[in-house]
Amino acid sequence: MMQSVAGKKILITGAAMGMGRLYAELAIRESAAAVVLGCQRSRADGDR
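Quick note on numbering: the sequence shown equals residues 1 to 48 in full-length UniProt numbering.
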């Protein structure tokens with residue numbers, strides 16, 4: 001179980017997909033001050 005991040009400053013990497021995205025969504029939902037980083041090459045290149 002993840003502890004609450006409400007009111008905390010956090011950095012989340014790998015937020016383009018998978019667990020990183022899940023943690024980013026949870027942090028935003030809990031109103032954390034979050035810096036969220038993620039890059040998926042196909043999306044960065046404009047491929048879908």
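Every residue gets a Cβ at the ideal spot worked out from N, C-alpha and C, and that includes glycine.
- Excluding five sequence positions before and after residue 22, none of the CB atoms of its chain fall closer than 6 Å to its own CB.
- Sequence-distant Cβ neighbours of residue 9 in its own chain, meaning closer than 6 Å and more than five residues away, are 33.
- Collapsing the DSSP output to three states places residue 37 in coil.
- Cα atoms of residue 38 and residue 7: separation of roughly 22 Å, rounded to the nearest angstrom.
- Within the same chain, and ignoring the five residues on either side of residue 31 in sequence, the residues whose Cβ sits closer than 8 Å to its Cβ are 6 and 7.
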